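Enquirer:
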Amino acid sequence: MFYSRQTSLRLHEEHLATLQLWGRLEQSIAARVPEEELDALLRNCAAALAEEVSRHFDFEEQELFTRLAQAGDGDIAGLLTEEHATIRDAAQNLGALLALPRRDAAAQQQLRALALELAERLTAHVQKEEMALLPVLEDLLDEETDRELVLAYANR
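The sequence shown begins at 0 in numbering that gives the first Met the number 0 and counts up one residue at a time.
Structure (structure tokens):
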């Protein structure tokens, strides 16, 4: 889709990066790559997710979802906020598992399962935002508001 608003475009670009990274993780788990390689990729995914949770999600919740609700699209904002909470919890669990100094086979299996769950949740979440949030933003934001939002987002 073509985006005329910079806010939508920036979020879209981040969505694509998220899908690419977590897709790579899914493929690596399926291919049973060596544990060291998987661990490095998991740490990259966890770091990217921590950034997304603190920057991307917070921006959407504080700046965009309130505007959606005011415009009468509070249902989608509510749904996406609930998904953010679920993803935040899973991200915290992922970080805790990665922080273990040593992981036995059960913990390693739990880590893989959680990573696959996160990949699935993130993919579904991104798809919802691409289909519901970004098109609404295209209609909702005027040029001045878009400019203000994209600058505010860049400065987070």
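Just so it is clear, CB atoms sit at the ideal spot from N, CA and C, and this is done for glycine as well. Quantities reported herein were computed from a predicted structural model and do not represent experimental measurements.
How about Leu24 and Ala114: do their beta carbons lie closer than 9 Å?
Expert: Taking 9 Å as the Cβ cut-off, Leu24 and Ala114 qualify as a contacting pair.
Enquirer: Could you tell me the alpha carbon to alpha carbon distance between Leu67 and Glu34, rounded to whole angstroms?
Expert: If I take the Cα positions, the gap works out to 43 Å.
Enquirer: Apart from the five residues on each side of it in sequence, which residues of its chain come closer than 8 Å, Cβ to Cβ, to Glu137?
Expert: Within the same chain, Glu137 has close Cβ partners Tyr2, Ser3, Arg4 and Ser7.
Enquirer: Check whether the Cβ atoms of Asp38 and Leu93 lie closer than 9 Å to each other.
Expert: Taking 9 Å as the Cβ cut-off, Asp38 and Leu93 do not qualify as a contacting pair.
Enquirer: Helix, strand or coil for Pro134 per DSSP?
Expert: Three-state DSSP puts Pro134 in a helix.
Enquirer: Are the CB atoms of Glu195 and Leu79 nearer to each other than 9 Å?
Expert: This structure does not reach residue 195, given that the chain is present from 0 up to 155, and the question cannot be answered.
Enquirer: Among residues of its own chain, excluding the 5 on either side of Thr18, which ones have a beta-carbon nearer than 7 Å to its beta-carbon?
Expert: It is Leu, not Thr, that sits at residue 18 in the sequence shown. So the qualifying residues of the chain are Thr122 and Val125.
Enquirer: Put Val125 into one of helix, strand or coil per three-state DSSP.
Expert: Val125 falls in the helix class under three-state DSSP.
Enquirer: Can you name the start and end residues of the alpha helix (DSSP H) that Glu2 belongs to?
Expert: Residue 2 is actually Tyr in this sequence, not Glu. Element bounds for Tyr2: n/a, residue is neither H nor E.
Enquirer: Could you check the C-alpha separation between Leu140 and His83 for me, to the nearest Å?
Expert: Straight-line Cα distance between these residues: approximately 22 Å.
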